[in-house]
Amino acid sequence: PGSSITIYCPIFGCTHPPISIVGLSGITIESAEILSSMLYGPVRIEGTASIRIAVDIRTSSRITFSGVYKYWGMERGIQIIDSEEVLILGRPSLRMYSDVTGTLEQGVYVDGKSTVKLFY
């Protein structure tokens, strides 16, 4: 609980593999680009052929994603199931939005007893 993860990309950006969060609480994941856009580039979280969802959050609480440029998955960009207090923030310090895309289905999919705030 209470963990913070910062993803650092070179100035031209990078792609991070899919992220699954299951049964965790108090996790913050942010792009270093929102800390200094002069030093770090945009983060793109992308699903793969076998993991078709970029970010999968299940039975978790108090999860925050901040500053990610793009969430892309073959099925869904972000999937949230039975999770509370999930916050997806765009890139407000850069005055930019996040792009959330699911090629075959939804960009964002929410199910179960989830509470979610999207500011992207």
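The numbering of the sequence shown is our numbering, which starts it at 52 and goes up by one.
C-beta: ideal position from N, C-alpha, C; glycine also.
All of these numbers come straight from a predicted model, not from anything done at the bench.
1. In or out: residue 93 buried (at least 16 other Cβ within 10 Å) or exposed?
2. When burial is assigned at 16 or more other CB atoms within 10 Å of the CB, is residue 162 buried or exposed?
3. For residue 143, collect the residues of the same chain with a Cβ closer than 6 Å to its Cβ; drop the 5 residues on either side in sequence, then sort them by chain order.
4. Using CA coordinates, which residue listed in 151, 165, 70, 127 is at the minimum distance from residue 110?
5. CB-CB under 7 Å to residue 119, same chain, minus the five flanking residues each way: which ones, in chain order?
6. DSSP three-state label for residue 136, please.
7. For residue 77, which option in 84, 60, 115, 68 has the closest C-alpha, if you only look at C-alpha atoms?
8. Can you tell which of 84, 75, 74 has the C-alpha that lies nearest to the C-alpha of residue 65?
9. Helix, strand or coil, according to DSSP, for residue 126 in the structure here?
10. Going by DSSP in three states, residue 169 sits in which element: helix, strand or coil?
11. Indicate whether residue 124 and residue 103 have their beta-carbon atoms separated by less than 7 Å.
12. Check the C-beta distance from residue 108 over to residue 151 and give it rounded, since I have them as a contact under 8 Å.
Reading from the atomic positions:
1. The C-beta of residue 93 has 16 or more other C-beta atoms within 10 Å across all chains shown, which makes the residue buried.
2. Burial call: exposed.
3. Result list for residue 143: empty, nothing under 6 Å.
4. The alpha carbon of residue 110 has as its nearest neighbour, out of 151, 165, 70, 127, the alpha carbon of 165.
5. Hits under 7 Å: 82, 94, 96, 149.
6. Residue 136: strand per DSSP, three-state reduction.
7. Minimum Cα distance to residue 77 is reached at 115.
8. Among 84, 75, 74, the Cα nearest to that of residue 65 is on 84.
9. Residue 126 falls in the coil class under three-state DSSP.
10. Note: residue 169 maps to strand in three-state DSSP.
11. Cβ distance < 7 Å, so residue 124 and residue 103 count as in contact.
12. That belief does not hold up - the Cβ atoms of residue 108 and residue 151 are roughly 13 Å apart, past 8 Å.
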